[in-house]
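Here the structure is laid out as structure tokens; the discussion comes afterwards.
Residue numbers (UniProt numbering): 1 to 240.
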């Protein structure tokens, strides 16, 4: 069912609690030619309600990958984006859906777009896995966009951006140096965390906040595979 002209883009639902939202997500995706769905720590089953809500997109839902935690769901992705209700988090400005779609279509490798829990969204730790954040502007007096609507909006923007490239109105992106994947970056983050603890640097303030800011700094830079290898080699010399 994968179309070679579509971006390698998976939508990742984290902690979804209502099965109807699973089906509605699958339907929203397939209408925009996206069919890579991943479920992380799902709090509901793919039941009859989910299948009914998916309608003719049921194969997207039944073929979804499932993981107990986020790390394996994004391990092979070079770009990970997370939706957030706030326009800024930890000093990091969020992209609009249109800006995010342009970034996704220009990406040479696999992309993951994360959608959080219906009530609470993504945690700070989950957002710290993202290279970019995405914020959907809404009525400040009632910014209550539901999960399926957010999925539909993002899928639509990706569809439009992809068609603009295919139609020639936007130049095709030039091949780029491969970015480090999520799994590769986790190794670097682990070494930095160990070094910060060993040197006592994490005692300077709240440890979790400092490590999260360090993750945001590295993730925003989007280092290449070679750059991460360089840093990891240096860190290994500092702390074998």
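Using N, Cα and C, we set each Cβ at its ideal position, and we do this for glycine too.
Counting of Cβ neighbours within 10 angstroms places residue 35 among the buried residues, the total reaching 16 or more.
Here residue 209 has no same chain residue with a Cβ atom under 7 angstroms from its own Cβ, once five neighbours each way along the sequence are excluded. When the five nearest sequence neighbours on each side are left out, the beta carbons in the same chain lying within less than 8 angstroms of the beta carbon of residue 54 are those of 22, 23, 24, 26, 27, 60 and 61, in order along the chain.
Residue pairing by DSSP places residue 115 opposite 13 in a beta bridge. Residue state for residue 56 is assigned as helix, using DSSP reduced to three classes. Where residue 152 is concerned, the enclosing alpha helix (DSSP H) starts and stops at 147 to 166.
Taken atom to atom, the span from the alpha-carbon of residue 159 to that of residue 212 is near 32 angstroms. Residue 10 and residue 30 do not touch by the CB rule: their CB atoms are close to 13 angstroms apart, not below 8 angstroms.
The continuous stretches of beta strand (DSSP E) do not include residue 226, which lies in the alpha helix (DSSP H) extending over residues 225 to 238.
Residue 217 counts as exposed, since fewer than 16 other beta carbons sit within 10 angstroms of its beta carbon. When secondary structure is reduced to three states using DSSP, residue 46 falls in the coil class, being assigned neither helix nor strand. Remark: fewer than three beta-carbon pairs, one from each stretch, lie closer than 8 angstroms, so the stretch 128 to 145 and the stretch 227 to 239 are not flagged as touching. A distance of 8 angstroms or more separates the beta carbons of residue 66 and residue 19.
Shown here, residue 23 sits in a helix according to DSSP, grouped into three states. Contact between the stretch 86 to 105 and the stretch 184 to 201 is not established, with fewer than three Cβ pairs separated by less than 8 angstroms. Look at residue 82 here: in three-state DSSP terms it is strand.
Taking C-beta atoms under 8 angstroms as the contact rule, residue 80 and residue 112 qualify, at a distance of about 5 angstroms. Residue 182 has its alpha-carbon roughly 12 angstroms from the corresponding atom of residue 190. Distance from the CA atom of residue 51 to the CA atom of residue 45, rounded to whole angstroms, is 10 angstroms. With respect to the C-alpha of residue 84, the residue from 136, 166, 110 and 205 having the closest C-alpha is 136. In this structure residue 15 is in contact with residue 116, their Cβ atoms being roughly 7 angstroms apart against a cut-off of 8 angstroms. Residue 110 counts as buried, since at least 16 other C-beta atoms from the protein chains shown sit within 10 angstroms of its C-beta. Annotation: residue 35 is outside any beta strand (DSSP E) and is labelled neither H nor E by DSSP.
Residues of the same chain with a CB within less than 7 angstroms of the CB of residue 225, apart from the 5 flanking positions on each side, are 178, 180 and 184 in chain order. The beta carbon of residue 57 sits closer than 6 angstroms to the beta carbons of 26, 27 and 30 from its chain, once the five residues preceding and following it are set aside; these are given in chain order.
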